């Protein structure tokens, strides 16, 4: 039996009754987090462009295009909503996956559940299945760290296909084909850290969500792919797909992000603010910031004067400058006013990035950073192994709701944000099917 068939069996036989109360709470938190990210991201050029394409290219349907009055097919709605969720790089992630499962999986499952009239329990289980399958496929990719081919788009179509296969109650043979088709059609992505001219594609996450729908629809219509794709050693380690299924609940180990920037920068931000607060250091007193961290962070574009927010998201020096001068709370949301500011650029040029071999060896399990801050009065050092939001340093439900309201305020103003925050504050595993009803009450201005 091929690995695709084994994984398909686990998906089709998944029993929602085994989902613990802790995992149910985690799913509710992750839904809140993705919707908040999309509420703010919906205002971006990337999200607006994707909505326009979806509304022009696809037929109307039953699934809500979030924060509009339009309804599209589930695939098109998932594409548009995922694009909003990833736009600000404040969506969830997972260490084992080296990527962002939620922004692909959650909009897709919500769109499909809405169109099918699925229950909260069915939606919850589909989200769990998507995370469990997708994260395992991500980590099973061969040579992904040496090749740096770990962009989310390379595995998220399989995650979405897994969740949809469960939600549609397909048989094992159909799900196996859907997984194989998704893995075959997954979007090609640049190796991490190779491009210095970033755009809106964001690891192909939104397109990957759409691709997952296409894979399942193709499988249901008799289309086939190479069922042995996960057993080709140059591509995957197929034995890893079911190795700890049911024993390790990967969705529980998903992290959430307090800052609108690449996760690989967060440990450095936290370390800098800890030093500054502990030692009462002011930004003007700092002459140099030595950042000893993982290779992937050093290979980001790291421009001291980024041209736009989507470049600032991937600049360690610039994010540290904002954290030092404006405070880390300024990194929750994009602010065009911080771009091209001379004081921020000057501080960013004081940042010296270096790969620390010991910390780099811990990647992807950890994204640590050790900072050495030189000032007029002395040299201070601090290392962060678990930045805020990791399972070992988790954001509380209260912190997630505060983040949610700030993101909604950025996207839609304080009064609408307060309404959404009130509705989502009581969201739990029994009321997930009400998510789009709440979202539908908030419409972007045209």
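Numbering (UniProt numbering), first residue to last: 1 to 446.
Note that CB positions come from ideal geometry on N, CA and C, so glycine has one too.
Since this is a predicted model, take the numbers as computed values, not measurements.
CB of residue i within 9 angstroms of CB of residue j, strictly
i	j	result
residue 35	residue 435	yes
residue 165	residue 187	no
residue 344	residue 373	no
residue 340	residue 305	yes
residue 111	residue 37	no
residue 99	residue 151	yes
residue 382	residue 243	no
residue 460	residue 313	Absent from the model: residue 460. The displayed extent of the chain is 1 to 446, so no value can be given.
residue 326	residue 338	yes
residue 401	residue 425	yes
residue 376	residue 287	yes
residue 51	residue 80	yes
residue 135	residue 31	no
residue 113	residue 433	yes
residue 283	residue 291	no
residue 210	residue 78	yes
residue 162	residue 133	yes
residue 443	residue 419	no
residue 124	residue 249	no
residue 403	residue 254	no
residue 293	residue 360	yes
residue 429	residue 27	yes
residue 2	residue 227	yes
Extent of the continuous beta strand (DSSP E) run through residue i
i	result
residue 382	379-384
residue 354	351-355
Delimiting residues of the alpha helix (DSSP H) encompassing residue i
i	result
residue 116	102-116
residue 185	172-185
residue 370	Counting along the chain, residue 370 falls outside any alpha helix (DSSP H), though it belongs to the beta strand (DSSP E) covering 369-375.
residue 278	263-279
residue 157	156-167
residue 414	414-425
residue 437	435-439
residue 12	3-12
residue 82	74-86
Residue i: CB within 8 angstroms of a non-hydrogen atom of the ligand ATP
i	result
residue 272	Ligands in the displayed structure: none, and consequently the ligand ATP is not present.
Bridge partners - residue i, DSSP secondary structure assignment
i	result
residue 94	99
residue 286	375
residue 255	93
residue 141	236
residue 359	The partner list for residue 359 (beta bridge, DSSP) is empty, contrary to what the question assumes.
residue 344	In DSSP, residue 344 forms no bridge with anything.
residue 71	64
Below 8 angstroms, can you find three or more Cβ-Cβ pairs linking the segment 57-67 to the segment 14-30? Touching, no.
Counting Cβ pairs closer than 8 angstroms, one from the segment 79-97 and one from the segment 215-225, do we hit at least three? no
Three Cβ pairs or more, each shorter than 8 angstroms: is that satisfied between the segment 405-414 and the segment 33-50? yes
Between the segment 141-158 and the segment 111-129, do at least 3 Cβ pairs fall closer than 8 angstroms? At 8 angstroms Cβ cutoff, the stretches do not touch.
Does the segment 385-394 come close enough to the segment 354-369 to have 3 or more Cβ pairs within less than 8 angstroms? yes
As an exercise, report each continuous beta strand (DSSP E) stretch of at least 3 residues that is fully enclosed by the segment 19-67, in chain order. 60-64
Which ranges does the alpha helix (DSSP H) cover as unbroken runs of at least 4 residues, wholly within the segment 197-232, from first to last along the chain? 205-220
Whole runs of the alpha helix (DSSP H) within the segment 282-338, excluding any shorter than 4 residues: 295-298, 309-312, 316-325
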